[in-house]
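Working notes, beginning with the structure itself.
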Amino acid sequence: MELRKKLHEVDEELGREDVEALKFLCKSHIGARKLNRMESGKELFKALEDEDLMQDDAFIVAELLYIIKHYSLLRKLGVNKETMHEQLPVKGVISRYRKFLFELSEEITKQDLKAAKFLLQPVLPKCKLQDDMSMLGLLIEMEKQELLGEDQIEMLEKVCTTILPELGKRISKYKTVTDNLGQDESLVLYPSSPPQENKNKRTIPIYFFFSSKVSRLQNILSGSKSALTNSDLLYKVMNKKDNRKGSIDVINNSSRTSSVTIEQENSMDFPTYRMNHKHRGYCLIISNYDFSSLLPARRGTDTDTTALENVFTWLGFEVKIHRDKSAAEIRDIMKEFQGKDHKNNDCFACCILSHGESGTILGTDGCCIPIREITSHFTAQKCQVLAGKPKLFFIQACQGKKYQNPVFLESDAKNPNSIQETRVVNPQESIPEEADFLLGMATVDGFLSFRHIREGTWYIQSLCKNLCVYVPSRGEDLLAILTKVNEDVSKQTAMRESWKQMPQPAFTLRKRLIFPVP
Numbered sequence: 001m002e003l004r005k006k007l008h009e010v011d012e013e014l015g016r017e018d019v020e021a022l023k024f025l026c027k028s029h030i031g032a033r034k035l036n037r038m039e040s041g042k043e044l045f046k047a048l049e050d051e052d053l054m055q056d057d058a059f060i061v062a063e064l065l066y067i068i069k070h071y072s073l074l075r076k077l078g079v080n081k082e083t084m085h086e087q088l089p090v091k092g093v094i095s096r097y098r099k100f101l102f103e104l105s106e107e108i109t110k111q112d113l114k115a116a117k118f119l120l121q122p123v124l125p126k127c128k129l130q131d132d133m134s135m136l137g138l139l140i141e142m143e144k145q146e147l148l149g150e151d152q153i154e155m156l157e158k159v160c161t162t163i164l165p166e167l168g169k170r171i172s173k174y175k176t177v178t179d180n181l182g183q184d185e186s187l188v189l190y191p192s193s194p195p196q197e198n199k200n201k202r203t204i205p206i207y208f209f210f211s212s213k214v215s216r217l218q219n220i221l222s223g224s225k226s227a228l229t230n231s232d233l234l235y236k237v238m239n240k241k242d243n244r245k246g247s248i249d250v251i252n253n254s255s256r257t258s259s260v261t262i263e264q265e266n267s268m269d270f271p272t273y274r275m276n277h278k279h280r281g282y283c284l285i286i287s288n289y290d291f292s293s294l295l296p297a298r299r300g301t302d303t304d305t306t307a308l309e310n311v312f313t314w315l316g317f318e319v320k321i322h323r324d325k326s327a328a329e330i331r332d333i334m335k336e337f338q339g340k341d342h343k344n345n346d347c348f349a350c351c352i353l354s355h356g357e358s359g360t361i362l363g364t365d366g367c368c369i370p371i372r373e374i375t376s377h378f379t380a381q382k383c384q385v386l387a388g389k390p391k392l393f394f395i396q397a398c399q400g401k402k403y404q405n406p407v408f409l410e411s412d413a414k415n416p417n418s419i420q421e422t423r424v425v426n427p428q429e430s431i432p433e434e435a436d437f438l439l440g441m442a443t444v445d446g447f448l449s450f451r452h453i454r455e456g457t458w459y460i461q462s463l464c465k466n467l468c469v470y471v472p473s474r475g476e477d478l479l480a481i482l483t484k485v486n487e488d489v490s491k492q493t494a495m496r497e498s499w500k501q502m503p504q505p506a507f508t509l510r511k512r513l514i515f516p517v518p
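Counting from 1, position 218 in the sequence shown corresponds to residue 218 in UniProt numbering; the numbering is continuous, with no gaps.
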């Protein structure tokens, strides 16, 4: 009731042109027939609710008001201009294309509009070019006639260049960014933010993850186990086994974390996945400890399980834990989660902690399951409600050559004493050939991964620690965080033989994945 009262108050302040602008911005989410019948903001808000776009905080309405620069109405929804500027890159729903067109229309004067109509007379029906047609109406008509679209903006560029060269340059810049990067919404959309100390600090280029030579890093990386730094104080979740609700202690100490930031000369703001549902999604954790007499028990896995449960609960996931499952049971669990209702979730996460071989993980019965089989349950064809949403898989298991472990360290391998050559499997082969998947492997194929019998695995512990450090302090995207995990794990050393470990992500993500600060 309180939210509807706020929306009613917003509607009372909207003029006819405001409503038309909001309708234009929502054109990608609401059908044209519905939009044409709308005459008020309340009708639009109801349609957004019907499309499951209206969350408890009505963020999309605030986003629309922010885009049309109706800043005074933001206060009625409990936000302000500064808050929206910070949250839009993570929670925004309206497409960059539609926001760009709206901003462009705001630069067009009545004289410019008359000139545009004149130039478009040869390609648009004259009956459509009425005197009272607005610039937004003209853009809509161009879209209807297939003269304008997200990948078809040349006609608009020619018209605007003729009328106002500066607008033509702006469109050209938009095209360049879209064609080459598909990102950088701040280029045309948002007001300039105040200078920030860490503005130019970004991530390692993402091509790092595709290196076919990554396994050679095993022979290059060196160093000893790093001492704890001040930034480690941010992470206090590892041994809180009684913390069932997943709360964690975060010290507000951004200055302490500055020593581990990654520099990049040219910062860029990529488009981000939508992360604005009340529930982030399911996080499935399968933790295999007891393999009977078939394989060594995975001592230390409970430490990893607790850390994952706490961190993903903190991030807003509904965590489901399954322990000691056979291969057949794991297959059944995957089918169960494939069939769950993910409609109101932002994404899906799955963490598997077990023994493994090349390209596979093992059930407690010693039977192998191809990792690709696991991920394939969540393709758009098999799980339509997750289409377009990120699917995250983190696999803690050995993936190849096996070695005897030093004291207190064990290998997540089927036979720790054997040394055998196996076909190297590219982790990219383990994820379906479609968008929005991420597979985080604890080790590159052909190598073992290490697990401390009390402190857990290098990979999972580093993953949890860095999520806790970089989500609240810097709002880093997941690939940047995994880059830091790679760095941290590569510095670890199994003391007796100086063995190393190198994690390897593979992904088909189309956007940045940034978890909102809990």
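Where is the CB? At the ideal position from N, CA and C, for every residue including glycine.
Annotation for GLY281: the continuous beta strand (DSSP E) segment containing it runs 281-287.
Measuring C-alpha to C-alpha distances from GLU434 to each of ALA349, ARG451, GLN384 and THR457 identifies GLN384 as the nearest. Assigned with DSSP and collapsed to three states, GLU434 falls in coil, not helix or strand. DSSP places LYS110 in the helix class (H, G or I) of the three-state scheme. In the structure shown, ILE395 adopts extended strand secondary structure according to DSSP, grouped into three states. With contact defined as three or more Cβ pairs closer than 8 Å, the segment 75-85 and the segment 50-67 are in contact. Within a 10 Å sphere around the beta-carbon of TYR174 sit 16 or more other beta-carbons, which makes this residue buried. Closest in C-alpha terms to LEU392, from the list SER376, ASP290, LEU438 and LEU386, comes LEU438. Beta-carbon to beta-carbon, LEU147 and MET155 are separated by about 5 Å, close enough to satisfy the 8 Å threshold. Per DSSP, PHE45 is one residue of the alpha helix (DSSP H) stretching across 41-50. Residue nearest to LYS511 within the set MET1, LYS389 and ILE453 is LYS389 (criterion: CA-CA distance). Setting aside the 5 residues that flank it on each side, GLY363 is surrounded in the same chain by ASN288, LYS325, SER326, ALA327, ALA328, GLU329, ILE330, SER354 and ILE369, each with a C-beta closer than 8 Å to its C-beta; the list follows chain order.
In this model, LEU53 and ASP346 are separated by some 12 Å (Cα to Cα). One thing to note: LEU25 has its Cβ no nearer than 8 Å to the Cβ of GLY41. Around the CB of ALA442, 16 or more other CB atoms lie within 10 Å, so the residue is classed as buried. Between PHE450 and GLN396, the beta carbon gap of about 10 Å keeps them out of contact (Cβ cut-off 8 Å).
In chain order, LEU119 place their CB closer than 7 Å to the CB of THR162, counting only its own chain and leaving out the 5 sequence neighbours on each side.
Secondary structure at ASN345: strand, using DSSP grouped into helix, strand and coil. Rounded to whole angstroms, the Cβ separation of THR272 and ILE514 is 5 Å, and the two are in contact under 8 Å. Going by beta carbons, ARG274 and VAL19 fall outside the 8 Å limit. Per DSSP, reduced to three states, the secondary structure at HIS85 is helical. Non-local beta-carbon contacts of GLU455 in its own chain, meaning distances under 8 Å to residues more than five positions away in sequence, involve MET238, GLY300, THR303 and GLN461 in chain order. Non-local beta-carbon contacts of TYR71 in its own chain, meaning distances under 7 Å to residues more than five positions away in sequence, involve LYS81 in chain order. With contacts defined as CB atoms closer than 8 Å, ARG98 and LYS27 qualify as a contacting pair.
Of the candidates PHE291, GLU12, VAL517 and SER490, the residue whose Cα lies closest to the Cα of GLY475 is VAL517. Contact check for GLY440 against LEU482 passes: the beta carbons are separated by less than 8 Å. Judged by DSSP secondary structure, LYS144 falls within the alpha helix (DSSP H) whose first and last residues are 135-144. In the three-state reduction of the DSSP assignment, VAL471 falls in the helix class, which pools H, G and I.
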